[in-house]
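Everything on this sheet refers to the single structure shown next.
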Amino acid sequence: METGSIAERFRDRSILITGSTGFLAKMLVEKILRIQPDVRKLYLLVRAPDAAAAKERLLTEVVGKGLFDVLREQHGASFHSFIKKKVCPLPGDITHQNFGLGNSEVLQLSQDVDIIVNGAATTNFMERYDVALATNTAAVIHLCQFAKQCDNLKMLLHVSTAYVAGEKADLLLEKPFQIGEALRQGYHMDIEAELQLVDRIKSKLHIKSSSDNKAIHFGWPNTYVLTKAMGEMLLQQLGRDLPFVIIRPSMITSTFQDPMPGWIEGTRTVDAIFVAYNNQTLPCFIFNGRVIFDLIPGDMVINAMMAAINSHWNKRAQVIYHVTSAHQNPLPLSLIVESIYKYFHTNPRTNKDGKIIKNKRVLIFKRFAYFQAYMTLRYKVPLEMMHAANVLFGGIYSKNYKKLNRGYNILMTVAKVFDDTNLRKLSKAMAVDQNDVSIFNFDTRCINWSSYLVNSNIPAAMKYANNQKAKAGNA
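Numbering (UniProt numbering), first residue to last: 1 to 475.
Next comes the structure, spelled out in structure tokens:
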């Protein structure tokens, strides 16, 4: 692995970032601009009908966020001129050939871009199969076709998810999928046939439900991880001549320290549990102290991404990184529950008169089998009944069904332990430059989980949830 200053690697480079209004991508934009102001250009692909709309989304959904406050303070009055000089929003869509860009834009990018970061994805577990397949799978075909046109491309970084491993137990390795490989033994997956099938069906019937049955058929628990796994397969096959790295984060949470502790956007994975407990909509939980949740702060994911770009610069050896925590710094469920009670004891809910509203204790199951049986009888059966009624009565229960089913799936998620050998090798290679170690920290061993949860993550999740509730109330 190459070593050296990671920040210097981005000096005078042009970078194309897809999914640029998403949680991870905007953190990457902020980090690059803050640690390397001499980056040549950041091209941000934004879903928008025209350049003006793309610029508006950049200003409101990316650089207008509190995430950029440190950078805003650094540049003062020249902040907007700095952004205008360094950042170029492009109206486009990764699901289209050449991302829907015009010929002149494609020509300019092909001559200028050094790095492509593909952060575009639909992360909804319950997404329609055709939508998830278009964004998480078929888009990789367009990505590879575009990348091969870039004369100076030195790195393509693709953001996937550690949960492409499915529901396997034991230590989950950093290994690639072979094309057509299914997690269910004895099955083979024809990706081209899946794409053609969706094209035929949606033109006639309009697929209205998520296709978890399709995911389960091949051995994955939901449409999201199935389509992300297929995207990886296509990248391995079509991008074999490209210098690429695949990053697989686990459950991404609020920032640990950079650019400030506790920045978050959206109620992310485990954060839904905190919000549900505060709203008293978390009816039960499995309490097995040996269950490990694999959380990873968003800034550590970004740091690992930038370190990986540097280490594999212009190399054709494709590498997969599990950007995870459980192997080196496991977080037991018992500590999460303890942190929930600790935070809400200190920060209780109050009514309009300022009186404390006491939260009810959550129903605890010590065995997963009992928890699963309770969830099936108490929630899954009624949900399926609602689904049947929804179909019968023309979709009048769609909104409630999706909301309740999402909550059910979150409750049924049990974290796994991922191998992070490649990530530890990357960290070891970085250790020769202490400045890099400090600026691009992704060593999860430094996290005190109790302090992080109580003082940063839970407050961040609650602040975001309360802000969203206030916006909804004012709408």
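The C-beta atom is built at its ideal place from N, Cα and C for all residues, glycine as well. Please read all numbers here as calculations on a predicted model, not as lab measurements.
What's the C-alpha gap between residue i and residue j?
i: G180; j: V131; result: 20 angstroms
i: I357; j: R349; result: 5 angstroms
i: R240; j: A147; result: 12 angstroms
i: K469; j: G266; result: 12 angstroms
i: L242; j: M462; result: 42 angstroms
i: V291; j: F79; result: 46 angstroms
i: G100; j: G354; result: 53 angstroms
i: I116; j: Q149; result: 12 angstroms
i: D50; j: P261; result: 35 angstroms
i: V225; j: Q97; result: 23 angstroms
i: N103; j: G186; result: 45 angstroms
i: A182; j: T18; result: 28 angstroms
i: P459; j: E167; result: 31 angstroms
i: C446; j: A52; result: 43 angstroms
i: L67; j: I191; result: 38 angstroms
i: A54; j: A48; result: 5 angstroms
i: D93; j: D69; result: 28 angstroms
i: K31; j: F244; result: 21 angstroms
i: A64; j: E56; result: A quick correction: the sequence has Gly, not Ala, at residue 64. Between G64 and E56, the C-alpha separation is close to 10 angstroms.
i: L404; j: I340; result: With a pLDDT of only 43 at L404, under the threshold of 50, the placement of this residue in the model should not be trusted; the figure read from the coordinates follows. In a straight line, the C-alpha of L404 is about 22 angstroms away from that of I340.
i: K471; j: T21; result: 20 angstroms
i: Q36; j: N136; result: 30 angstroms
i: Q434; j: E105; result: 40 angstroms
i: N310; j: A429; result: 11 angstroms
i: N347; j: D114; result: 48 angstroms
Would residue i pass as a contact of residue j if the rule is Cβ separation under 9 angstroms?
i: T324; j: I296; result: yes
i: V29; j: V87; result: yes
i: H322; j: S427; result: no
i: L331; j: W449; result: yes
i: F418; j: R248; result: yes
i: N118; j: L157; result: yes
i: R34; j: L58; result: no
i: A215; j: I6; result: no
i: D294; j: A121; result: no
i: H312; j: V319; result: yes
i: W263; j: T255; result: yes
Assuming residue i contacts residue j under a Cβ cut-off of 8 angstroms, what Cβ separation, rounded to an integer in Å, is found between them?
i: V62; j: L90; result: No, V62 and L90 are not in contact; Cβ-Cβ is about 13 angstroms, not under 8 angstroms.
i: E127; j: T223; result: 6 angstroms
i: T444; j: M300; result: 7 angstroms
i: Y43; j: L109; result: 6 angstroms
i: V164; j: A77; result: In fact, because the Cβ distance is near 46 angstroms, the residues do not count as touching under 8 angstroms.
i: L195; j: A138; result: 6 angstroms
i: Q280; j: K360; result: 6 angstroms
Would you mind working out which of the options sits nearest residue i, comparing C-alpha positions?
i: D258; options: D433, N310, L24 and A276; result: L24
i: S456; options: A165, V437, G22 and T253; result: T253
i: F10; options: K154, I94 and L197; result: K154
i: V275; options: H75, A465 and I15; result: A465
i: S334; options: L453, N359 and K55; result: L453
i: D151; options: Q280, S14, T227 and I320; result: S14
i: Y343; options: L171, S438, D436 and N278; result: N278
i: V437; options: K360, N314 and A304; result: A304
i: V159; options: R40, T227 and Q145; result: T227
i: Q145; options: F177, Q237 and F440; result: Q237
Please tell me whether residue i has its Cβ less than 9 angstroms away from any Cβ of chain B.
i: H96; result: Here chain B cannot be found, since the structure has a single protein chain.
How about residue i: is its Cβ closer than 8 angstroms to a heavy atom in the ligand MG?
i: S5; result: Among the components modelled here there is no ligand, and therefore nothing to report on the ligand MG.
Q.
List, from N- to C-terminal side, the beta strand (DSSP E) runs of 3 residues or more that fit wholly inside the segment 58-138.
A. 87-91 and 115-118
Q. Hey, which unbroken runs of the beta strand (DSSP E) at 3 residues or more fall wholly within the segment 5-52?
A. 14-18 and 41-46
Q.
Quick check for students: name the residue ranges of the alpha helix (DSSP H) that lie wholly in the segment 214-248, counting only runs of 4 or more.
A. 223-238
Q: Please list the segments of the alpha helix (DSSP H) lying wholly inside the segment 246-324, counting only runs of 4 or more residues, in order along the chain.
A: 271-278 and 298-311
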